[in-house]
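Peer 1: Each step along the sequence shown adds one to the number in this note's numbering, with nothing skipped, and position 130 is 179.
From the three backbone atoms N, C-alpha and C, an ideal C-beta is built for every residue, glycine too.
This structure is a prediction, so every number in the text was calculated from the model and none was measured.
Just dropping this structure here.
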Amino acid sequence: MAAKKKAARKKKAKVLGNFDYRIDVVTDGAGDDRVVIVGKNDGNIRGKGGRKVTFVCGPDVDRFKIVCTEFPDNDDDSPPLAWAFEPPVATGWLTSFERKLLKPEKGASQLIFKYSIVVEGAIAADPAIIIDK
C-alpha cells in the first residue's frame with residue numbers, strides 16, 4: 050500500500066515546448082519602421098539549455114540577421130559577441146533559423162545574453178536570452 054501512495058505522489062515530468070517566433074516590421078507613431086518579434090514574451094527567451102528556438106520571416110520581411118552578445122553591464126557600451134545557441138554561429142542574412150539553446154557548463158547556474166534581430170531599413174529588436182541549467 051505504501052508503494053502505491055509513493056508512486057501516486059510522483060509528478061509527471063513537464064514537457065517543455067519550443068520557442069517559435071515570427072519576425073515582422075511595423076511602423077511606429079513617429080513613422081519609424083521597427084522590428085517586432087511575434088511570439089511569447091516579445092522575443093525575450095528564458096528556458097533550459099537544449100530547447101529549440103525558431104525564427105521565420107513574416108509577410109513583409111525578406112531576410113534578417115541575428116547578433117548575440119554577452120549581457121552588458123550598465124557601464125559597458127560594447128559587450129563582446131557571444132553565441133547563445135548551439136554551433137554553428139549564424140552569419141549573414143537568414144530567411145529562417147532553428148537552433149537549440151546552449152546548455153550552461155558544469156558549475157554555471159545560467160547564461161545571460163542580449164540579442165538583436167536586424168532587418169534592413171528598420172530599427173532592430175533587442176530582447177534578452179536567459180538560459181537556466
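1) In angstroms, rounded to a whole number, what distance separates the CA positions of Phe68 and Val74?
2) Under 8 Å: do the region 142 to 153 and the region 101 to 115 share three or more Cβ pairs, one atom per stretch?
3) Does DSSP put Asp91 in a helix, a strand or coil?
4) What number of angstroms, rounded off, separates the C-alpha of Pro136 from the C-alpha of Gly66?
5) With H, G and I counted as helix, E and B as strand and the rest as coil, what does DSSP make of Ala131?
6) How many angstroms separate the CA atom of Gly80 from the CA atom of Asp126?
7) Is the Cβ-Cβ distance between Ile94 and Ile178 less than 9 Å?
8) When DSSP labels each residue in this structure, what does Ala62 get in the three-state scheme?
9) Tell me, to the nearest whole angstrom, how far the beta carbon of Phe104 is from that of Ile72; I am working on the premise that it is less than 8 Å.
10) Which one of Gly107, Trp132 and Pro108 has the shortest CA to CA distance from Thr118?
11) From Ala173 to Val85, what distance separates their C-alpha atoms?
Peer 2: In brief:
1) Distance between the alpha carbons of Phe68 and Val74: 19 Å.
2) A contact exists between the region 142 to 153 and the region 101 to 115.
3) Of the three classes helix, strand and coil, the one that applies to Asp91 here is helix, per DSSP.
4) C-alpha separation (whole angstroms): 21 Å.
5) DSSP, reduced to helix, strand and coil, places Ala131 outside both helices and strands of the structure shown, so it counts as coil.
6) If you draw a straight line from the Cα of Gly80 to the Cα of Asp126, it comes to about 27 Å.
7) Contact: yes.
8) Unreliable positioning characterises Ala62 in this predicted model, as indicated by a pLDDT of 49, which lies under 50. The coordinate reading is nonetheless provided below. Taken through DSSP and simplified to helix, strand or coil, Ala62 comes out as coil.
9) With a Cβ gap of about 6 Å, Phe104 and Ile72 count as contacting.
10) Taking only the C-alpha atoms, the option nearest Thr118 is Trp132.
11) Ala173 and Val85: Cα-Cα distance of roughly 8 Å.
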